[in-house]
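Here it is as structure tokens:
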């Protein structure tokens with residue numbers, strides 16, 4: 104990786120600008136131009152156009168699926184909503200269990216589907232919804248479950264599929280940042296709809312948009328219909344729907360991103376591995392997902408200290424950080440009226456986690472400065488240094 108060039112005054116006189124926590128980088132205009140010219144030539148801008156079909160086919164091939172097992176929609180939030188509406192929510196309680204430890208889009212999507220979120224706790228190690236803590240009565244009465252792949256990590260969809268069949272409750276997977284993790288270990292595509300974001304902040308980006316993967320043909324067809332005003336093969340609405348199709352322009356960005364995917368993935372893995380190597384020697388800090396073979400646009404650490412104080416310490420040293428999920432969705436005023444289960448792990452993670460800078464242009468010198476500042480914070484506190 105490229106190192107930062109120091110000014111002539113030497114390291115002690117270096118004036119560090121703020122290292123941002125993230126800098127999106129989408130395909131350049133020159134990479135997009137061939138796809139934009141195809142749009143100009145076809146004069147087809149939306150409604151399942153040629154680029155939509157090509158992007159759909161290439162995504163299907165990437166995951167070893169058929170094109171009819173992939174739907175492209177305008178964003179992941181509406182994708183989760185449509186998936187929930189498509190899986191057959193039969194129970195009258197109109198509630199959906201989800202982790203509080205997630206981005207606000209998850210409960211927003213649940214509410215948009217006409218359901219009330221029930222916030223449950225996560226596992227201490229995987230940060231995913233803890234099956235063992237789900238109350239039997241809540242499961243029996245809930246209309247569905249949205250489980251979340253945190254920060255693009257691995258989840259056991261095989262286990263969730265068995266749980267769904269055993270309990271007779273539909274499940275949707277919010278895998279917003281998990282493009283690279285899907286297909287690894289037990290994170291396989293099956294009958295549970297998996298929703299992947301293509302937002303500009305994600306490792307594979309289309310500026311905006313989402314991929315929905317599912318092997319159940321009935322569910323896939325309902326999602327496709329609902330994304331297109333409920334239309335099937337004619338302009339007659341067969342089901343209630345909306346306009347959530349991915350445009351040809353977003354498909355153009357997605358195709359150009361896919362063209363560069365191997366290069367992007369290699370760069371992200373390089374940055375991730377360098378971070379892990381450096382963080383290994385910092386006492387009291389654990390990088391989430393350390394040792395797992397997937398990439399995502401996050402470097403989230405768990406610290407034995409206080410994440411708020413660590414964030415302030417790093418800001419004083421020119422390093423921007425992010426409490427990506429703050430203290431859990433149950434703390435947002437918008438969700439204050441919804442049911443909340445005991446959340447000890449969520450509260451712990453809200454205090455002890457922090458997102459560090461992570462993007463493709465980050466240099467070794469940047470990472471050295473970030474990790475050195477994290478280590479400095481922990482060494483100054485005797486109680487932390489003991490860990």
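Numbering (the numbering used here), first residue to last: 104 to 490.
Even for Gly, the Cβ is constructed at its ideal location relative to N, Cα and C.
#1: Counting pairs of Cβ atoms below 8 Å between the segment 256–264 and the segment 357–374, do you hit three or more?
#2: Please report how far the alpha carbon of residue 277 lies from the alpha carbon of residue 425, in whole angstroms.
#3: Is the beta carbon of residue 405 closer than 9 Å to that of residue 225?
#4: Using only alpha-carbon positions, find the residue among 141, 219, 457, 294 that is nearest to residue 168.
#5: Should residue 331 go down as buried or exposed, given a rule of 16 or more other Cβ atoms within 10 Å for buried?
#6: Determine, using beta carbons only, whether residue 251 and residue 263 come nearer to each other than 9 Å.
#7: If you follow the beta strand (DSSP E) that residue 406 is part of, which residue opens it and which one closes it?
#8: Using 8 Å for Cβ pairs, my map puts residue 236 next to residue 216. What's the rounded Cβ distance?
#9: Using C-beta distances below 7 Å, list every residue in its chain close to residue 211, excluding the 5 sequence neighbours before and after it, in chain order.
#10: Ignore the nearest five residues each way along the sequence and tell me which others in residue 279's own chain have a CB closer than 6 Å to its CB.
#11: Which value, in whole angstroms, describes the spacing of the CA atoms of residue 157 and residue 451?
#12: DSSP beta-bridge partners for residue 250?
#13: Could you name each continuous alpha helix (DSSP H) segment of 4 residues or more that falls completely within the segment 285–331, going from the start of the chain to the end?
#14: Hey, how far is the Cα of residue 430 from the Cα of residue 336?
#15: Please report how far the alpha carbon of residue 121 lies from the alpha carbon of residue 421, in whole angstroms.
#16: Nearest-angstrom Cα distance between residue 144 and residue 462?
#17: With respect to the beta strand (DSSP E) encompassing residue 190, which residues constitute its N-terminal and C-terminal limits?
#18: Go to residue 220, then tell me how far its alpha helix (DSSP H) extends in each direction, as first and last residue.
#19: Select from 417, 466, 382, 304 the residue whose C-alpha is nearest the C-alpha of residue 393.
The structure says:
#1: no
#2: Distance between the alpha carbons of residue 277 and residue 425 is about 21 Å.
#3: In this structure, residue 405 does not lie closer than 9 Å to residue 225 by Cβ.
#4: 294
#5: buried
#6: no
#7: 402–406
#8: Not really, about 23 Å apart at Cβ, beyond 8 Å.
#9: 180
#10: 179, 300
#11: 44 Å
#12: 276
#13: 320–329
#14: For residue 430 and residue 336, the distance between alpha carbons rounds to 46 Å.
#15: 4 Å
#16: 35 Å
#17: First-last for residue 190: undefined, no H or E at that position.
#18: Unbroken run through residue 220 is the beta strand (DSSP E), 219–223; no alpha helix (DSSP H).
#19: 382
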